[in-house]
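Below: the structure, in structure tokens.
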Amino acid sequence: MALKRIVIIGGGFAGSDLARRLQRKLSKDWEVLLYSRENHFVFTPLLPEVVGAAINPLHVVWPIREMARGATCRTAEVRALHLDEQKIEYLGPNGETLTENYDHLILGCGLAVNLDLIPGLRDHGWALKTLGDALVLRNHVIQQLERAEAEPTAERRAEFLSFAVVGGGFTGVEVAGSIRDMLSESARFYKRFTVEDIRVTILEGGPRVLGPLPESLSSYAHRKLESSGIDVRTNVKVTEIKADGVQLGEDEFLNAGTVIGSIGNTMQRLLSESNLASERGRLLVEPSMRVQGRTDVWAFGDCAAVPNAYDDSISPTLGQFAVRQSKQMAANLIATIKGKELTPFSYHTRGMFAAIGHGRAVGNPFGVKISGFIAYMMWRAIYWSKMPSIARRTQIAFDWSWDLLFRRDIVELSTVTTSDLKDPSAP
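Everything in the sequence shown is counted per my numbering, starting at 291 for the first residue and increasing by one.
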């Protein structure tokens, strides 16, 4: 007798957790398959720390097979959904097109970065979504220091040492703070410039940075960012990104050799081409997380506009909501299989935190506003507790302890191989 099959698309924390829960609770008549483009899960909130050389890059990723132990994991790109036929189409190891049938399909593939939101962002900007983004950006920042050291002209050197972050949300503020910390600690090793020559600018289109947080915390973050040497500009409109900087409106141009875009998400192409009901770039789902108009397709996490029964709102794109949704999703799938009533998703946020660099953070855990070093240590403790294994917790704790005691590493993680060198015998 053929096994019944649940297919999960998306190997994030929530998708991996869901696969593990289902594999543990379902009978042997069911098979759980997890599809992910990469064989690891990335803890994206810590990517700014990777860029700023505060954490070993390997310590923010975990093998999906270890997290979703017991489930069948396939590292492959899903190319199309054939909903009426109950099957997915994915890319095989040799580039061939393969298909997989399902009885229930779970969509948890998150959102994609919209690189076309601002003209020039795709060609001249840097995104921060994947481990590859963080590694390449980290190397680039260090390379900019080396270029500045080798550059004899002050004007060109200033361009190498100018960094602009478009977007003053959580990611934008954290990556700006992390980069500034690394640059401040590293400048002493160079002869042609000092820390005063380095410029980091946050460009926010709204009236304040960290908009989802209370205004008092946002104001505190603004002040502390500027006191650490970061120029924070609000109510600015970025109209174009060029190779040498950012166009602001029609009349102003900000010179910057590095522009990081931390704004604008869009629906994954796989979902936009599926004809599933959507609104504002997210799938429309029922309170049970079943996709509207379907009985065998479910969605959760950032890609879905999940109604929250706690306050009749739509769940925000936050990791704490996605993780809680995975738990409820598992319960509802099992209830469906057993013919029982489904439970609507309901969750009250535990609060939000943002690191702002220089050993400071802001946050509102359970509605209590805190800031400074205490908030920073709480921010670290919360993320530390979310690590999926004792080994990773130990490694992260060591990284952070090292960061408190010693200067950050400015080693470029080069990927140049012997075959890339024109003369392998040259020094």
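The beta-carbon is built from N, C-alpha and C at its ideal position, and this holds for glycine as well. Every value quoted in this text rests on a predicted model; they were computed, and no experiment measured them.
Legend entry - Ser-636 to Ser-474 span [Cα, whole Å]: On the sequence shown, position 346 is the one that residue 636 refers to. On the sequence shown, position 184 is the one that residue 474 refers to. If you take the alpha carbons of Ser-636 and Ser-474, they lie about 44 Å apart.
Legend entry - For Gly-653, the first and last residue of its enclosing beta strand (DSSP E): Your numbering for residue 653 matches position 363 in the sequence shown. Start and end: 650-653.
Inset, instruction - Kindly confirm or deny that the region 461-473 and the region 336-355 touch, where touching means at least three C-beta pairs closer than 8 Å. - result: yes
Legend entry - Nearest candidate by alpha-carbon position, reference Val-403, set Gln-433, Pro-577 and Gly-554: Position 113 of the sequence shown, counting from 1, holds the residue named residue 403. The shortest Cα separation from Val-403 among Gln-433, Pro-577 and Gly-554 belongs to Gly-554.
Inset, instruction - Give me the Cα-Cα distance between Leu-711 and Glu-540, rounded to the nearest whole angstrom. - result: As a first step, residue 711 is located in the sequence shown; it is residue number 421 there, counting from the start. As a first step, residue 540 is located in the sequence shown; it is residue number 250 there, counting from the start. Looking at the two C-alpha atoms, the distance is approximately 44 Å.
Inset, instruction - Would you list, in sequence order, the uninterrupted alpha helix (DSSP H) runs of no fewer than 4 residues that lie entirely inside the region 548-623? - result: 559-562
Legend entry - Touching by the beta-carbon criterion (3+ pairs, under 8 Å), the region 597-615 and the region 301-312: yes
Inset, instruction - With DSSP as the reference, please indicate the residues paired to Glu-530 in a beta bridge. - result: The residue labelled residue 530 in the question sits at position 240 within the sequence shown. DSSP lists Gln-537 as partners of Glu-530.
Inset, instruction - Determine, using beta-carbon pairs with one atom in the region 513-525 and one in the region 639-657, whether at least three such pairs fall under 8 Å. - result: yes
Inset, instruction - Specify the secondary structure class of His-372 as computed by DSSP and reduced to three states. - result: Locating residue 372 in the sequence shown gives position 82, where the first residue counts as 1. His-372: strand per DSSP, three-state reduction.
Inset, instruction - Hey, could you find the ends of the alpha helix (DSSP H) Ile-686 is sitting in? - result: Here residue 686 refers to the residue found at position 396 of the sequence shown. Its alpha helix (DSSP H) spans residues 680-695.
Inset, instruction - Consult DSSP for Tyr-637 and reduce its assignment to one of helix, strand or coil. - result: Stepping through the sequence shown from its first residue, residue 637 is reached at position 347. Coil at Tyr-637, not helix or strand.
Inset, instruction - Let me know the secondary structure DSSP gives Ile-632 once reduced to three states. - result: Start at 1 with the first residue of the sequence shown, and residue 632 comes out as number 342. Correcting the residue identity first, residue 632 is Leu in this sequence and not Ile. If DSSP states are grouped into helix, strand and coil, Leu-632 belongs with coil.
Inset, instruction - Please check the pair Gly-342 and Arg-310, which I expect to be a contact at CB under 8 Å, by giving their CB distance rounded to whole angstroms. - result: Locating residue 342 in the sequence shown gives position 52, counting from the first residue. Locating residue 310 in the sequence shown gives position 20, counting from the first residue. The pair is not a contact, with the Cβ atoms about 32 Å apart (cut-off 8 Å).
Inset, instruction - Can you give me the Cβ contacts of Ser-709 inside the same chain, cut-off strictly under 6 Å, excluding the 5 residues immediately before and after it? - result: As a working note, residue 709 is residue 419 in the sequence shown. Excluding sequence neighbours, Ser-709 sits near nothing in its chain.
Inset, instruction - Any chance you could list the alpha helix (DSSP H) runs of at least 4 consecutive residues sitting entirely within the region 302-356, in chain order? - result: 303-315 and 337-341
Inset, instruction - Closer than 6 Å by C-beta to Met-619: which residues in its own chain qualify, once you throw out the five before and the five after it? Chain order, please. - result: Walking along the sequence shown from the start, residue 619 turns up at place 329. If we look at Met-619 and ignore the five residues flanking it on each side, its Cβ neighbours are Leu-308, Met-579 and Phe-590.
Inset, instruction - For Met-667, count neighbouring C-beta atoms within 10 Å of its own C-beta (all shown protein chains included) and say buried if the count is 16 or more, exposed if not. - result: For the purposes of this step, residue 667 is taken as the residue at position 377 of the sequence shown. Flag for Met-667 reads exposed.
Inset, instruction - In the DSSP assignment, find the alpha helix (DSSP H) that holds Tyr-240 and state where it starts and stops. - result: This structure cannot speak to residue 240, because the chain is shown only from 291 to 717.
Legend entry - Same chain only: Cβ atoms within 6 Å of Ala-344, ignoring 5 sequence neighbours per side: The sequence position of residue 344 within the sequence shown is 54, counting from 1. Cβ neighbours of Ala-344 beyond the five flanking positions: Asp-693.
Legend entry - Span separating the alpha-carbon of Tyr-510 from that of Val-490: Stepping through the sequence shown from its first residue, residue 510 is reached at position 220. Stepping through the sequence shown from its first residue, residue 490 is reached at position 200. When rounded, the distance between both Cα atoms is 18 Å.
Inset, instruction - Go ahead and label Pro-442 buried or exposed: buried means 16 or more other beta carbons lie within 10 angstroms of its beta carbon, across all protein chains shown. - result: Locating residue 442 in the sequence shown gives position 152, counting from the first residue. Looking at its Cβ environment, which holds fewer than 16 other Cβ atoms inside 10 Å, Pro-442 is exposed.
Inset, instruction - Pull up the distance between the alpha-carbon of Ser-476 and that of His-430, whole angstroms please. - result: The sequence position of residue 476 within the sequence shown is 186, counting from 1. The sequence position of residue 430 within the sequence shown is 140, counting from 1. Taking the straight line from one Cα to the other gives about 14 Å.
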